[in-house]
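Engineer:
Residue numbers (our numbering): 2 to 114.
(1) Do you know how far the Cα of residue 18 is from the Cα of residue 81?
(2) Reducing DSSP to helix, strand and coil, say where residue 80 ends up.
(3) Taking Cβ positions, are residue 79 and residue 29 nearer each other than 8 Å?
(4) So is residue 43 buried or exposed if we call it buried at 16+ other beta carbons inside 10 Å?
(5) Quick one, are the C-beta atoms of residue 72 and residue 33 less than 8 Å apart?
So, in structure tokens, the structure goes:
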């Protein structure tokens with residue numbers, strides 16, 4: 002999340018890099034980041050409630066676990082989208098072709114012909 006902007010500037014003009022894939026990765030990282038912050042906050046609250054032996058501590062522990070699982074899924078998705086930026090072999094043809102048509106860009110294979 003913090004190093005993405007400089008990394009974007011270094012790869013955005015390289016051949017085969019599609020800006021809409023970078024934007025999708027950036028949006029996913031922002032959602033994952035804020036979900037991670039929320040999970041950390043709920044975990045801290047649940048820890049304090051456990052120490053105080055509050056009756057609803059178990060509810061907060063369960064919520065903390067649920068947010069952790071959701072955050073893990075969002076982080077995995079963010080990493081997958083980030084991998085698509087330079088690793089064209091993991092891009093689906095549908096995503097690549099749709100993105101090229103939307104941006105009016107040509108694929109590297111079309112440039113080689």
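C-beta atoms are modelled at their ideal positions from N, C-alpha and C, and glycine is treated no differently. Fair warning: this is a prediction, and the values are worked out from it, not measured in the lab.
Structural biologist: On the basis of the coordinates in this document:
(1) In a straight line, the C-alpha of residue 81 is about 15 Å away from that of residue 18.
(2) helix
(3) Yes. Within cutoff.
(4) buried
(5) yes
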